[in-house]
Structures are given as structure tokens and as C-alpha cells.
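Below: the structure, in C-alpha cells.
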Amino acid sequence: MSEKTKVAIIGSGNIGTDLMIKVIRTAKHLEMGAMVGIDASSDGLARAERMGVPTTSEGVEGLVKLPGFDEIEIVFDATSAKAHEHNASILEPLGKRLVDLTPAAIGPYVVPAVNIGDHLDAANVNMVTCGGQATIPIVAAVSRVAPVAYAEIVASIASKSAGPGTRANIDEFTETTSNAIKQVGGAANGKAIIILNPAEPPLIMRDTVYALVDAPDLDTQEQIRNSVEKMVADVSAYVPGYRLKQKVQINAIAEGATVGTLMKEEPESAPTHQVSVFLEVEGAAHYLPAYAGNLDIMTSAGLQYAERIAALKAEQEVTA
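Now the structure itself:
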């Protein structure tokens, strides 16, 4: 039986800690090699120590000095966009594979249900954002059937599930997600909006996708609905709490509507209909409450990508 691939997590906050617990409890091909933070009193580092995971509170420099560093092959970065640039500059020259859970977007975007097989050899991949992981699969599902002239996503998350890192990266969130809507989702134009909902009790993550498409006939519209439903099933295979809130809505764009003002890039064809998709993401509650689906979909996506890399390595070892 092949040995598991050792991973490290930089960032002992909410996302990093949830990811660590997922690796320990659910990963088939991965095992924890280190948990890295900068706050020696953080709950994430304390939990890692209790679970027998090597730790350091000296950041990436401390990780490099750990005795088992050479055995670590994949490093998840759950810090911030700015911190990731520093971490990558140290780890990439040392041959470590980086899975970036910040909006830094140094490497190519990966949304597992859409393009997990496209960047398995990349040294550094970016998991976009929580809103991107939830909505870009839907944009891609629509664009596979009909040209998407414009796609807009609105991600609403519980304020309590947005830690300091998320709040510090709001601008990067919108820019990274908007770019990925086009590059991965296939839309000609994209826009992302995030809402931190302060409601009590906290509400689970809700996402809305609006897409302007060229789909004048009923057959095409039915294909869009089927494509979206299949994509929801694909995402829910690794994020069980991911689901449609209601049936996909497709409505004709009113004659004379000024939809062109939304578009910076000229689309392939003029849109005829608006597709509206309403989603919710309930977390698995491995570390945080179930309402924190925004964190769960990020950690699940990162884990899915790393598991695929490790599984391929295991297959190669068996056949060697």
C-alpha cells in the first residue's frame, strides 16, 4: 500500500483549522505533516498539538526549519493574499506544491468540478474564493450550453464566519472572483459581490448567479437547466451541503433593456434570456458551525485538488 502524501497548512485560523480536521478525518491519500501559524496561543495550533500534528508559530520560516519539512510535498496556504506572495517566494524554490486558499491568484485558478484536471502539474494553484467555488461551476454549466455575455454572482455569508483574513481581502475577493468568472466560468463579462450578513442566528451561505445568455429556443433552455443540475450534483459530491434552493429560472430579456451597460467586453452574440440560479451551502461542521458553508466549500475544494494529486502519485507508485 502506498504511503500517504504529507501536507502542511499555513494559517491556523478558521480555514486552516477546518482543513486540518478534514485531512485527518476524511483524506484517503493525505496526512498532516505540519500546522503553521504566527500566534502561539491560537486555537488551531493548540488543536494540532493535541492531535499529534507538528506545529510552529514562526510562520513559513518556522515550517522550513521543522525536522520533517523535507517529507512535506504539498502546502496549503490559508493566510492572506499578501502573505501568500511571501510564502510562495520561499516555498516554490524548495520544490513544494502550493494550494492557495487566499485571493492572491499567483497561479492558475482551480474549481474542482470544472477544471481539476487542467493544472495538476502546476507548482502553485489558486482556489479562487468561497463565492467563486460556489458559483463559477454554475456559470461554467451554463456556458457549456449557450454563450454567456455577462455573469454576476452574489455571495451572502454569515458575518460570524468571516474572520480577519476574509475581511482584509474583500477587494481581492471581488477582483479574483470576477476574473475567474470569465477565465474558468467562460463568461464574456463577470462581476462579483459579497455580502456579510449580520443576522442572528447566523444564516448559512447563500449564493445567486445571474447570467445573460443567448438561448432563444426552448430546447437550449432545457439543456441549460439539465447542465446546471448535473453540475450541482458534481459539486455536492465533495461538498455535501451544496444544493439548489429552487428550480433554475430562465426569463426573456425585455425588448429595449439596457443590458449592454453591464458589459465591458463585446459578447459573441446578443443575450436573449436571463438565467437565475439560487444556491445554498451548508457546512459539514468539522470545526465551525454548519452556517459557515463559505469556509467548508473552500477547504473541501482545496482538499479535493490535493487528493487528486496524491491519488495520481499513488497510482504511479503502484504501477512502477
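Taking this note's numbering, the leading residue of the sequence shown gets 62, the next gets one more, and so forth.
For every residue, glycine included, the Cβ atom is placed at its ideal position computed from N, Cα and C.
Taking the C-alpha atoms as reference points, what is the distance between Pro128 and Gln284? 54 Å
Roughly how many whole angstroms lie between the Cα atoms of Ser222 and Leu162? 15 Å
Uninterrupted alpha helix (DSSP H) stretches inside the region 202-242 (no shorter than 4 residues): Secondary structure remark: continuous alpha helix (DSSP H) runs of at least 4 residues inside the region 202-242, in chain order: 225-229.
At what residue ranges does the region 318-374 contain a whole run of the alpha helix (DSSP H), taking only runs of 4 or more? none
So what does Phe130 bridge to, in DSSP terms? For Phe130, which the question treats as bridged, DSSP gives no partner whatsoever.
Out of Ile71, Ile85, Glu122, point me to the one whose CA is closest to Ser103's CA. Ile71
Checking 8 Å against the spacing of the C-beta atoms, do Thr117 and Thr190 come in under that value? No.
Cβ pair Ile256, Ala216 closer than 8 Å: yes
Can you tell which of Lys325, Leu305, Pro332 has the C-alpha that lies nearest to the C-alpha of Asn312? Pro332
Contact set for Leu181: own chain, Cβ-Cβ below 8 Å, skip 5 residues either direction: Leaving aside the five residues that flank Leu181 on each side, the residues in its chain whose CB is nearer than 8 Å to its CB run, in chain order, Arg369, Ile370, Leu373.
How many whole angstroms separate the CB atoms of Leu356 and Asn75, which I take to be in contact at a CB cut-off of 8 Å? About 6 Å; that satisfies the 8 Å criterion.
To the nearest angstrom, report how far apart Ala351 and Ile358 are at their CA atoms. 11 Å
First and last residue of the beta strand (DSSP E) that includes Met81? Per DSSP, Met81 belongs to no beta strand (DSSP E); it is in the alpha helix (DSSP H), 75-87.
Using a Cβ-Cβ cut-off of 6 Å (strictly less than) and excluding sequence neighbours within five positions of Asn250, which residues of its own chain qualify? Tyr211, Met324, Lys325, Glu326
The alpha helix (DSSP H) with Gly246 in it runs from where to where? Element bounds for Gly246: n/a, residue is neither H nor E.
Give me, in chain order, the residues of the same chain whose beta-carbon lies closer than 7 Å to that of Pro301; leave out the 5 immediate sequence neighbours on both sides. Ala345
Could you tell me how far apart the beta carbons of Gly77 and Gly105 are, in whole angstroms, since I believe they sit closer than 8 Å? 6 Å
How should Ser204 be labelled, buried or exposed, when 16 other C-beta atoms within 10 angstroms of its C-beta is the threshold for buried? Counting Cβ neighbours within 10 Å, Ser204 comes out buried, since at least 16 surround it.
Within 8 Å, strictly: CB atoms of Thr196 and Ile214: yes
Starting from Lys67 and walking both ways along the alpha helix (DSSP H), at which residues does that stretch end? Where Lys67 is concerned, there is no enclosing alpha helix (DSSP H), although the beta strand (DSSP E) it sits in stretches over 66-71.
Option nearest Val186 by Cα separation, candidates Ala241, Tyr303, Glu316: Ala241
Among Gly192, Pro198, Glu92, which one has its Cα closest to the Cα of Ile231? Gly192
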